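Structure first, commentary second.
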Amino acid sequence: QSALTQPASVSGSPGQSITISCTGTSSDIGSYNLVSWYQQHPGKAPKLIIYEVSERPSGVSNRFSGSKSGNTASLTISGLQVEDEADYYCCSYAGRSAFWVFGGGTKLTVL
Amino acid sequence: EVQLVESGGGLVQPGGSLRLSCAASGFAFNIYTMTWVRQAPGKGLEWISYISSIYNTIYYADSVKGRFTISRDNTKNSVFLQMDSLRAEDTAIYYCARFPRQDAFDIWGQGTTVTVSS
Chain A
91 QSALTQPASV SGSPGQSITI SCTGTSSDIG SYNLVSWYQQ HPGKAPKLII YEVSERPSGV
151 SNRFSGSKSG NTASLTISGL QVEDEADYYC CSYAGRSAFW VFGGGTKLTV L
Chain B
181 EVQLVESGGG LVQPGGSLRL SCAASGFAFN IYTMTWVRQA PGKGLEWISY ISSIYNTIYY
241 ADSVKGRFTI SRDNTKNSVF LQMDSLRAED TAIYYCARFP RQDAFDIWGQ GTTVTVSS
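Protein chains in written order, with the numbering used here: chain A, 91 to 201; chain B, 181 to 298.
As structure tokens, then:
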């Protein structure tokens with residue numbers, strides 16, 4: 091069982107926007123602005139798309155955005171494209187007891 | 181090109197050992213913290229170990245503590261994971277990842293597959 095809770099799947103049509111939630115606790119997401127998000131296509135390594143809750147690495151589309159409220163972080167993808175279809179994972183620092191914890195992943199289907 | 185390349189995976193019997201390597205290129209390896217993250221078949225990601233750039237500060241997830249040992253050789257731009265007392269539940273793809281500022285894993289290798297089975 092993953093430390094952070096994500097929906098197993100979400101779907102959307104091209105051009106639409108979707109949001110993936112990532113729920114933790116006051117010991118991880120609620121205590122640190124160290125939430126990151128990763129995109130993983132089948133058979134490929136994960137790719138960093140959001141760090142420090144809402145920062146985008148160089149080269150990542152501005153269609154990807156992140157936010158946090160309380161113990162829940164969110165990833166929003168706007169203007170969905172077919173190539174966005176992938177698994178998405180959230181991650182948070184959880185202090186010196188658990189260090190870094192991931193969500194179970196969300197499969198995004200672009201219909 | 182910034183790159184991480186893992187090697188050393190394979191099939192091993194329960195109770196056996198393996199040593200994974202991760203070779204870095206294209207960046208100043210010696211100033212970066214490095215980590216290992218694994219992914220069991222069909223499952224999510226799990227952080228398992230961390231080694232700082234200097235002073236060799238090291239952390240492990242509880243699931244591997246006492247069985248796995250992380251190390252690095254800055255002269256060879258490499259990080260290693262010695263895995264002992266392997267169990268079936270250690271079967272996974274093992275990724276090494278760069279960890280600048282300890283806020284996110286920004287560069288990942290392609291992974292190396294470890295299968296623990298008799």
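Quick reminder that beta carbons are idealized off the backbone N, C-alpha and C, glycines included. This structure is a prediction, so every number in the text was calculated from the model and none was measured.
Let me check one thing: in DSSP terms, what residues is residue i bridge-paired to?
i: F248(B); result: M263(B)
i: E186(B); result: C202(B)
i: Y183(A); result: W190(A)
Less than 9 Å separating the beta-carbons of residue i and residue j?
i: L138(A); j: I167(A); result: no
i: Y183(A); j: Q282(B); result: yes
i: F207(B); j: V244(B); result: no
i: I231(B); j: V259(B); result: yes
i: L94(A); j: V172(A); result: no
i: G102(A); j: V200(A); result: yes
i: Y141(A); j: P147(A); result: yes
i: T115(A); j: N161(A); result: yes
i: S164(A); j: S117(A); result: no
Would you say residue i reaches chain A, if we count a Cβ-Cβ gap shorter than 9 Å as a contact?
i: G190(B); result: no
i: Y123(B); result: Not covered by the structure: residue 123(B). The range shown for chain B is 181 to 298.
i: V217(B); result: yes
i: A241(B); result: yes
Output yes if chain B places a C-beta closer than 9 Å to the C-beta of residue i; else output no.
i: L124(A); result: yes
i: G120(A); result: no
i: P97(A); result: no
i: G195(A); result: yes
i: C112(A); result: no
i: F189(A); result: yes
i: K158(A); result: no
i: P132(A); result: no
What distance in whole Å lies between the Cβ atoms of residue j and residue i, which are believed to be in contact at a cut-off of 8 Å?
i: T280(B); j: Y235(B); result: It is Pro, not Thr, that sits at residue 280(B) in the sequence shown. That belief does not hold up - the Cβ atoms of P280(B) and Y235(B) are roughly 16 Å apart, past 8 Å.
Contact residues within the segment 221 to 233 of chain B, judged by C-beta distance below 9 Å to chain A:
K223, G224, L225, E226, W227 and Y230
Could you list the residues in the segment 279 to 295 of chain B with a C-beta less than 7 Å from some C-beta on chain A, going in chain order?
D283, A284, F285, D286, W288, G289, Q290 and G291
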